[in-house]
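Input: a single structure, listed below in structure tokens.
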Amino acid sequence: MTQSADSLTTILAAGIKATASMHDFCCDLSHPGSPSATVVMLRRTADTLNWLVLADSVLVLDILDADPMVICDEREALTGNRYRAPMNAAAGGTPEHLQALSRYMEATRAHRNVDGGFWVAAVDPLAAEQALTGTVPVDRVRAVAVLSDGASRLVDRFGLATWRQALDLLDESGPEELILRVREAEHSDPDGSRWPRGKTFDDATASYCRI
Numbered sequence: 287m288t289q290s291a292d293s294l295t296t297i298l299a300a301g302i303k304a305t306a307s308m309h310d311f312c313c314d315l316s317h318p319g320s321p322s323a324t325v326v327m328l329r330r331t332a333d334t335l336n337w338l339v340l341a342d343s344v345l346v347l348d349i350l351d352a353d354p355m356v357i358c359d360e361r362e363a364l365t366g367n368r369y370r371a372p373m374n375a376a377a378g379g380t381p382e383h384l385q386a387l388s389r390y391m392e393a394t395r396a397h398r399n400v401d402g403g404f405w406v407a408a409v410d411p412l413a414a415e416q417a418l419t420g421t422v423p424v425d426r427v428r429a430v431a432v433l434s435d436g437a438s439r440l441v442d443r444f445g446l447a448t449w450r451q452a453l454d455l456l457d458e459s460g461p462e463e464l465i466l467r468v469r470e471a472e473h474s475d476p477d478g479s480r481w482p483r484g485k486t487f488d489d490a491t492a493s494y495c496r497i
């Protein structure tokens with residue numbers, strides 16, 4: 287929560303800089319594997335809703351009298367598509383899959399926070415400038431859903447619901463039910479034969495807010 291009138295990009299850059307400074311003297315921040323995070327930010331003013339999305343979380347706006355507005359930074363997925371084939375070809379949980387996953391992660395890491403690659407919140411405040419941002423009149427928005435990629439996979443990877451159905455599920459039953467359905471789908475396909483993926487079970491976080 288913030289009372290700052292600065293842009294969301296400026297606020298995020300300040301947060302990245304402050305967090306990195308806390309680890310400056312005890313961690314190797316130049317290491318390509320330094321911890322990083324996806325970011326979704328929302329700020330409501332009197333008549334607008336400002337949003338920011340960086341990396342692979344999904345923001346879904348339930349727009350009155352219109353289809354949901356889905357904001358997703360696809361650059362990481364587009365980069366990863368270059369290297370996914372060996373991982374997708376191996377059965378999940380096998381040594382072959384683990385080796386392919388390791389090679390995939392190493393290959394994509396080289397594209398992190400560089401031009402032509404994808405951007406995440408890590409140690410460089412300039413990454414904030416690469417975030418997707420926008421504004422929508424608040425009176426057009428019924429509700430907002432924020433989903434990590436582990437929660438959004440019910441729609442965008444498994445295809446077991448539309449965004450409209452996901453919003454309705456969140457409104458009627460809450461995030462717990464959406465995540466439960468994600469887990470049911472994951473358990474039904476433990477080796478990734480139906481839905482090839484790097485992680486059989488991914489971290490799943492969902493938040494739903496009525497405006």
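Residue 476 in this note's numbering is what sits at position 190 of the sequence shown, and the numbering runs on without skipping anything. Note that CB positions come from ideal geometry on N, CA and C, so glycine has one too.
> Out of G484, A396 and F404, which has the shortest C-alpha to C-alpha gap to D342?
Replying inline: By one-based count along the sequence shown, residue 342 stands at place 56. Closest by alpha carbon: F404.
> Expressed to the nearest angstrom, what Euclidean distance is found between the alpha-carbon atoms of V427 and E415?
Replying inline: Here residue 427 is taken as the residue at index 141 of the sequence shown, counted from 1. Here residue 415 is taken as the residue at index 129 of the sequence shown, counted from 1. Distance between the alpha carbons of V427 and E415 is about 25 angstroms.
> Cβ of T365 versus every heavy atom of the ligand HEM: is any distance shorter than 7 angstroms?
Replying inline: Ligands displayed in this structure: none; no statement on the ligand HEM is therefore possible.
>> I'd like the span of the alpha helix (DSSP H) that includes W449, first residue to last.
In response: What you label residue 449 is simply residue 163 of the sequence shown in a count that begins at 1. First-last of the alpha helix (DSSP H) with W449: W449 to S459.
> If you pair each beta-carbon of the region 432-441 with each one of the region 457-467, do three or more pairs fall below 8 angstroms?
Replying inline: yes
> Looking at the unbroken beta strand (DSSP E) that takes in P423, where does it start and where does it end?
Replying inline: As a position in the sequence shown, residue 423 is number 137, starting the count at 1. Residues L418 to P423.
> Whose C-beta lies closer than 8 angstroms to the C-beta of K303 among residues of the same chain, with five residues either side of it excluded?
Replying inline: Taking the first residue of the sequence shown as position 1, residue 303 is located at position 17. Correct list, in chain order: P411.
> In whole angstroms, what is the alpha-carbon distance linking L294 and E382?
Replying inline: The count along the sequence shown starts at 1 and reaches residue 294 at position 8. The count along the sequence shown starts at 1 and reaches residue 382 at position 96. Rounded to the nearest angstrom, the two C-alpha atoms are 42 angstroms apart.
> Closest by CA to D489, which one among W449, R480, R469 and S479?
Replying inline: Translated into positions along the sequence shown, residue 489 becomes position 203. If we check each option's Cα against that of D489, R469 comes out closest.
> Buried or exposed: D292, going by 16 or more other Cβ atoms within 10 Å of its Cβ?
Replying inline: The residue you call residue 292 lines up with position 6 of the sequence shown. Its Cβ having fewer than 16 others within 10 Å, D292 is exposed.
>> Just verifying my parser: in three-state terms, what is the DSSP assignment at T334?
In response: On the sequence shown, position 48 is the one that residue 334 refers to. Reduced to three states, the DSSP call for T334 is strand.
> What residue range is occupied by the uninterrupted beta strand (DSSP E) comprising R496?
Replying inline: As a position in the sequence shown, residue 496 is number 210, starting the count at 1. Run containing R496: A492 to R496, per the beta strand (DSSP E) assignment.
> Helix, strand or coil: which one does DSSP assign to M308?
Replying inline: As a first step, residue 308 is located in the sequence shown; it is residue number 22 there, counting from the start. Of the three classes helix, strand and coil, the one that applies to M308 here is coil, per DSSP.
> Rounded to the nearest angstrom, how far is the Cβ of P461 from that of G379, given a contact under 8 angstroms?
Replying inline: Position 175 of the sequence shown, counting from 1, holds the residue named residue 461. Position 93 of the sequence shown, counting from 1, holds the residue named residue 379. Incorrect: roughly 27 angstroms between the Cβ atoms, too far for contact.
> Below 8 angstroms, can you find three or more Cβ-Cβ pairs linking the region 317-333 to the region 390-408?
Replying inline: yes
>> If distances are taken between C-alpha atoms only, which option among H317, D359, E458 and G402 comes closest to C495?
In response: If you number the sequence shown from 1, residue 495 lands on position 209. Looking at the Cα atoms, E458 is the closest of the given residues.
> Rounded C-beta distance between A363 and A376? I'm assuming under 8 angstroms.
Replying inline: Stepping through the sequence shown from its first residue, residue 363 is reached at position 77. Stepping through the sequence shown from its first residue, residue 376 is reached at position 90. Their Cβ separation, rounded to whole angstroms, is 19 angstroms, which puts A363 and A376 out of contact at 8 angstroms.
>> Among the candidates C312, S320 and R330, whose CA atom is the shortest distance from the CA of T421?
In response: Within the sequence shown, numbered from 1, the residue matching residue 421 stands at position 135. Nearest of C312, S320 and R330 to T421, Cα basis: R330.
>> Judging by CA-CA distance, which residue of V430, S316, A431 and I497 is the nearest neighbour of R395?
In response: Along the sequence shown, one-based indexing puts residue 395 at 109. Comparing Cα-Cα distances from R395 to each of V430, S316, A431 and I497, the minimum goes to S316.
> Exposed or buried, which one is C312 when buried takes at least 16 other CB atoms within 10 Å?
Replying inline: Here residue 312 refers to the residue found at position 26 when the sequence shown is read from its first residue. Exposed, since its Cβ has fewer than 16 Cβ neighbours within 10 Å.
> Given a threshold of 16 other Cβ atoms within 10 Å of its Cβ, counted over all protein chains shown, does D348 qualify as buried or as exposed?
Replying inline: Numbered from 1 along the sequence shown, position 62 holds the residue referred to as residue 348. That one is buried.
> Are the beta-carbon atoms belonging to F444 and A471 less than 8 angstroms from one another?
Replying inline: To locate residue 444, count along the sequence shown from 1; it is residue 158. To locate residue 471, count along the sequence shown from 1; it is residue 185. Taking 8 angstroms as the Cβ cut-off, F444 and A471 qualify as a contacting pair.
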